[in-house]
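Asks: Read left to right, the sequence shown gives residues 1 to 205 (the UniProt record's numbering).
For glycine and all other residues, C-beta sits at the position ideal for the given N, C-alpha and C.
Given the structure is predicted, the values throughout are model-derived calculations rather than measurements.
Dropping the structure in here first, questions after.
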Amino acid sequence: MSTVPNSASGTTDTGPWLVAGLGNPGPQYAGNRHNVGFMVADLLAGRMGGTFKAHKSRAQVLEGRVGAPGPGSHRVVLAKPMTFMNLSGGPVTALSTFYKVPADRIVVVHDELDIGFGALRLKKGGGDNGHNGLKSLTSSLGKDYCRVRFGVGRPPGRMDVAAYVLRDFSAAERKELDYLVDRAADAVEALITSGLERAQSTYNS
């Protein structure tokens, strides 16, 4: 089996990455700001040319590869937890155990209130900033997973945060959303193929 250096860690790339897009299951949540992680995961699945299948971990899963064909490609397990957001840690932890993926090879894609709409921040570790999905993940995995944070901005006026993230993107936001989700998917692929620091230099905006 061919191995290639992993620029993020200096180790050889012999195991898979786990990419988890966060959201809530069910059509009534599909367009919500809180579901942008699912949107990015769905786009990545299309690029990988596969379809999600149910897994015993209570997640939808697709196994594939990203990167140039040959030794430069990387095995990826793409997942959408089918629990509600505040229980995301259970399925992701089960998948990391099943596929033997360490925390530093887990990439979580999620909405982020403290970043303007469509801006991206890639990071490793950190707090949960009140995000229930991240709270659940960190309690199960620790903090050492990577995050692709997709900005949704703060709610206007005195709108409740929970109500805001469980609303669909606005009509104005939807005009840009496809492009921004595509860019977030590019950022996930860059993190895996080029390492966190190089991906940050390109996509942190």
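Can you name the residues that DSSP bridges to residue 206?
Replies: Given that the chain is displayed from residue 1 to residue 205, the structure contains no residue 206 and the question cannot be resolved.
Asks: Which same chain residues, not among the five before or five after residue 119, have their C-beta less than 7 Å away from its C-beta?
Replies: As a first step, residue 119 must be located in the sequence shown, where it is residue number 119. 151 and 205.
Asks: Among 93, 41 and 58, which has the Cα closest to the Cα of residue 50?
Replies: Here residue 50 refers to the residue found at position 50 when the sequence shown is read from its first residue. Among 93, 41 and 58, the Cα nearest to that of residue 50 belongs to 41.
Asks: If you count every other CB in all the chains shown that lies within 10 Å of the CB of residue 35, and 16 or more means buried, which is it?
Replies: In the sequence shown, residue 35 corresponds to position 35, counting from 1. Counting Cβ neighbours within 10 Å, residue 35 comes out buried, since at least 16 surround it.
Asks: Please name the residue or residues paired with residue 106 in a DSSP beta bridge.
Replies: Working through the sequence shown from its first residue, we reach residue 106 at position 106. DSSP lists 18 as partners of residue 106.
Asks: In this structure, what does DSSP give as the bridge partners for residue 112?
Replies: Walking along the sequence shown from the start, residue 112 turns up at place 112. Answer is 151, bridged to residue 112.
Asks: Which residues mark the beginning and the end of the alpha helix (DSSP H) in which residue 183 is found?
Replies: Here residue 183 is taken as the residue at index 183 of the sequence shown, counted from 1. Per DSSP, residue 183 belongs to the alpha helix (DSSP H) from 171-194.
Asks: With a threshold of 7 Å on Cβ separation, who are the neighbours of residue 74 within its own chain once the five nearest residues in sequence on each side are excluded?
Replies: By one-based count along the sequence shown, residue 74 stands at place 74. Excluding residues within five positions, the ones whose Cβ falls inside 7 Å are 13, 17, 65, 66, 67, 192 and 193.
Asks: Please report the Cβ distance between residue 81 and residue 122, rounded to the nearest whole angstrom; I am assuming they are in contact, meaning their Cβ atoms lie under 8 Å.
Replies: Residue numbering aside, residue 81 sits at position 81 when the sequence shown is read from its first letter. Residue numbering aside, residue 122 sits at position 122 when the sequence shown is read from its first letter. Not a contact, Cβ separation roughly 21 Å.
Asks: State buried or exposed for residue 28, treating a residue as buried only when at least 16 other CB atoms are found within 10 Å of its CB.
Replies: Position 28 of the sequence shown, counted from the start, is the residue given in the question as residue 28. Exposed, because fewer than 16 other Cβ atoms sit within 10 Å of the Cβ of residue 28.
Asks: Taking only three categories from DSSP, how would you classify residue 258?
Replies: No information on residue 258 is available, as it lies outside the stretch 1 to 205 that the chain covers here.
Asks: When we look at the beta-carbon of residue 158 and count the other beta-carbons within 10 Å, is it buried (16 or more) or exposed?
Replies: One-based indexing of the sequence shown puts residue 158 at position 158. Exposed: under 16 other Cβ atoms inside 10 Å.
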